[in-house]
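In the working numbering, the protein residues as written are 2 to 60.
Just below is one structure, and these are the notes that go with it.
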Amino acid sequence: MEFLTNPWVIIIIVLAVVIGNIAALKYTAKMKFTQVERGKSDLDKLNDLDKDNQQKKQD
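Listed below in structure tokens is the structure:
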């Protein structure tokens, strides 16, 4: 256990974690998040349903 408390070992472990986190951030920054166009949104669909219901009530 004395080996793990050596300052050089601790420094190497900390550097490895920091470098790994930076590499992960660089990788995720290059990812493209695109959504598929679904035509009408849910709000538009609800508005259309509401208009249809209002017309049925008036008739």
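Beta carbons: idealized from backbone N, C-alpha and C, even for Gly.
Since the model is a prediction, treat every value here as computed from it, not as a measurement.
| Between which two residues does the alpha helix (DSSP H) carrying Thr29 extend? | On the sequence shown, residue 29 is found 28 positions in, with the first residue counted as 1. Per DSSP, Thr29 belongs to the alpha helix (DSSP H) from 8-30.
| Alpha-carbon spacing of Gly21 relative to Met2, whole angstroms | Sequence index remark: in the sequence shown, residue 21 carries index 20 (1-based). Sequence index remark: in the sequence shown, residue 2 carries index 1 (1-based). Approximately 25 Å between the Cα atoms of the pair.
| What are the start and end residues of the alpha helix (DSSP H) that includes Leu44? | Sequence index remark: in the sequence shown, residue 44 carries index 43 (1-based). Run containing Leu44: 43-59, per the alpha helix (DSSP H) assignment.
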